[in-house]
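In our numbering, the protein residues as written are 1 to 351. Cβ coordinates follow ideal geometry from the N, Cα and C atoms, glycine included.
Written as structure tokens, this is what we have:
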């Protein structure tokens with residue numbers, strides 16, 4: 001009995017020692033890392049209006065201009081207008097010398113009267129010859145008489161043609177005489193040509209200046225082929241004047257050219273096509289023709305765009321956020337599409 005107890009104790013001790021040794025030498029199991037709860041990113045989301053625009057540059061031009069030309073060659077007796085002066089239709093701008101025209105007119109009238117008297121005298125003499133012709137005239141005498149009659153008829157026609165020419169010349173001189181006091185054909189502002197000096201002598205059809213209508217002032221810009229298809233009439237435009245920082249005007253696209261502006265043959269291969277865009281301008285006392293202007297044409301406007309700060313957003317976060325908004329608002333039937341980065345905000349548009 002004692003032997004049985006002894007061996008039982010020995011076997012138990014060996015089992016304990018063996019298990020302890022195995023436990024010391026066996027490889028340790030790696031601990032399973034705990035899954036951290038993803039951190040929720042929260043930030044404010046707002047609805048703001050958003051607009052896409054195209055920037056254009058150009059100059060201010062007058063849509064209504066009336067050119068002023070000298071009616072004929074003469075000296076200028078007097079000027080009744082100055083550069084930049086407001087004028088009315090019918091005002092006398094300048095007066096040309098009339099002395100030379102009056103002399104020509106008197107000479108032409110005297111020549112016309114002289115030919116008239118000569119023709120009357122010739123006809124009277126011819127009638128006298130016919131009345132005194134012998135009754136028993138020979139054949140040669142009758143032929144001579146007929147030849148004289150035909151000659152007189154042709155001479156009378158020639159005189160009539162010359163008289164018509166003289167009468168036309170006299171009418172032209174009278175027209176010049178009336179036009180020597182040049183009256184304004186339109187109302188507006190009178191602007192001289194680039195010389196900025198009132199000429200003292202003029203030639204026929206010489207360009208002197210123009211009359212512009214301030215109410216017709218407009219913004220003329222040129223855009224390339226990449227922008228022309230995005231611009232439509234009636235689009236709103238914010239107009240700026242670089243020389244006046246605080247000037248902001250509201251304009252509107254009036255006309256968009258359907259064809260590119262023509263260029264010189266040697267420049268066609270190097271210059272890109274340019275299309276004219278005309279923009280209306282409101283009345284402003286600071287606006288005149290020839291100013292350099294810039295403008296932002298609003299091509300797309302969204303009154304409500306979902307906006308959240310972009311300083312927290314990477315590309316991955318943006319994509320996840322876009323998906324989250326779609327899933328979140330799908331129950332309400334609202335679908336969003338990603339927009340573009342604008343300053344510090346990343347915006348989503350509601351379709």
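- Sixteen is the threshold: since fewer than 16 other Cβ atoms of the shown chains lie within 10 Å of the Cβ of residue 154, the residue is exposed.
- At a Cβ-Cβ threshold of 8 Å, residue 191 and residue 209 count as neighbours.
- Within the same chain, 51, 52, 53, 235, 236, 237, 238 come within 8 Å of residue 298 by CB-CB distance, once the 5 residues on both sides are set aside.
- Close CB contacts of residue 244 within its chain, under the 7 Å cut and outside five residues either way in sequence, are with 286 (chain order).
- Taking a contact as a CB-CB distance under 8 Å, the pair residue 201 and residue 75 counts as one, their CB atoms being some 5 Å apart.
- For the pair residue 15 and residue 5, the Cα-to-Cα distance works out to about 15 Å.
- Here the C-alpha atom of residue 114 lies approximately 20 Å from the C-alpha atom of residue 151.
- With fewer than 16 other CB atoms across the displayed protein chains lying within 10 angstroms of its CB, residue 117 is exposed.
- In this model, residue 211 and residue 157 are separated by some 48 Å (Cα to Cα).
- It is roughly 10 Å from the alpha-carbon of residue 163 to the alpha-carbon of residue 170.
- Its chain contains 183, 184 as the residues whose beta carbon lies nearer than 7 Å to that of residue 90, once the 5 sequence neighbours on both sides are disregarded; these appear in chain order.
- Residue state for residue 201 is assigned as strand, using DSSP reduced to three classes.
- Remark: C-beta atoms of residue 259 and residue 222 do not approach each other more closely than 8 Å.
- Here residue 110 is exposed: its Cβ has fewer than 16 other Cβ atoms, across all protein chains shown, within 10 Å.
- Residue 95 holds the alpha-carbon nearest to the alpha-carbon of residue 198 among 119, 65, 95.
- At the C-beta level, residue 100 and residue 205 stay beyond 8 Å of one another.
- Residue 59 is bridged by DSSP to 220, 292.
- Under DSSP, residue 238 forms a beta bridge with 250, 296.
- Residue burial is scored here from C-beta neighbours: residue 249 has at least 16 other C-beta atoms within 10 angstroms and is therefore classed as buried.
- Judged by DSSP in its simplified three-state form, residue 194 adopts coil rather than helix or strand.
- A straight line joining the alpha-carbon of residue 254 with that of residue 47 spans about 32 Å.
- For residue 66, the uninterrupted beta strand (DSSP E) segment begins and ends at 65-69.
- Rounded to the nearest whole angstrom, the CA to CA distance from residue 251 to residue 290 is 17 Å.
- Under the DSSP assignment, residue 210 falls in the beta strand (DSSP E) whose first and last residues are 207-212.
- Excluding the 5 residues flanking it on each side, residue 228 has same chain C-beta neighbours closer than 6 Å at 275, in chain order.
- For residue 275, the beta-bridge partners assigned by DSSP are 223.
- One thing to note: residue 288 has its Cβ within 8 Å of the Cβ of residue 60.
- Residue range 181-183 is occupied by the beta strand (DSSP E) that includes residue 181.
- When the alpha-carbon of residue 167 is set against those of 225, 10, 106, 218, the nearest one is in 106.
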